[in-house]
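First the structure, in the form of structure tokens, and then the observations on it.
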Amino acid sequence: MAAQPHGGDSPADADQARSPDPATENQVTADAFKQIFRRHPAGVSVITLNNADGEPVGFTATSVISVSAAPPSVAFSLAATSRSWPAIARCESLVINFLTVDQADISLRFAATDIDRFAAGGWSRLETGEPVLDDSHAWLRARVARRIPVGSSFLIILDVLQTEVRSDDLPLIYHDRGHHTLHGTREHRPGSPGTTR
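For what it's worth, UniProt numbering labels the leading residue of the sequence shown as 1, then goes sequentially.
Listed below in structure tokens is the structure:
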């Protein structure tokens with residue numbers, strides 16, 4: 001007969017004792033969770049792509065993160081209830097446009113509802129067909145690798161195909177329901193774009 005673990009408990013009993021009770025483990029409300037991330041600064045981007053009819057779709061995002069540098073990969077999250085989700089669910093590629101401190105108006109426009117977000121102009125198409133904002137300080141084009149459902153949202157994993165850095169302007173930052181930028185001294189490597197002394 002196999003020996004039992006010390007104390008007479010079986011391995012199954014030991015695992016059960018270590019497993020948290022979901023009813024008592026998760027005591028975080030949605031409001032408390034959102035309050036934490038309202039205080040967490042994030043860079044502002046506009047994600048642009050084509051819908052199934054080839055029309056441009058775009059929305060403001062503060063959830064863009066780098067995942068891997070080799071090979072280059074990024075990700076962002078999007079609510080399943082977003083009006084942009086049907087286009088994201090079908091697209092093969094998209095562009096992430098990184099905004100500068102002077103582009104808060106663009107951030108607000110692409111976050112607004114019931115308007116044509118592209119009507120004001122200031123965009124064009126890459127040779128591959130995706131819409132891109134003309135004045136973003138940098139952009140990257142990426143292929144959708146995975147769409148992972150997580151709670152009420154989707155995590156979109158992307159393989160980066162192409163990038164362009166146009167300037168070294170300060171980035172637009174979103175924090176506590178408002179737009180901000182970085183402050184303080186900037187250090188530059190010699191020869192970097194927009195280097196100032």
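Beta carbons: idealized from backbone N, C-alpha and C, even for Gly. In this text, all values refer to a predicted model and were calculated from it rather than measured experimentally.
First through last residue of the beta strand (DSSP E) which encompasses residue 45: 45 to 50
Spatially closest choice to residue 144 from 179, 54 and 47, by CA coordinates: 47
Coarse secondary structure for residue 35, derived from DSSP in three states: helix
Straight-line Cα distance separating residue 153 from residue 81: 8 Å
Any 3 or more C-beta pairs closer than 8 Å across the region 131 to 146 and the region 165 to 181: yes
Where the beta strand (DSSP E) containing residue 72 begins and where it ends: 72 to 79
Residue 27, DSSP secondary structure in three states: coil
C-beta contact flag for residue 67 and residue 75 at 9 Å: yes
Sheet register partners of residue 171 (DSSP bridge): 100
Alpha-carbon spacing of residue 28 relative to residue 35, whole angstroms: 11 Å
Delimiting residues of the alpha helix (DSSP H) encompassing residue 119: Element bounds for residue 119: n/a, residue is neither H nor E.
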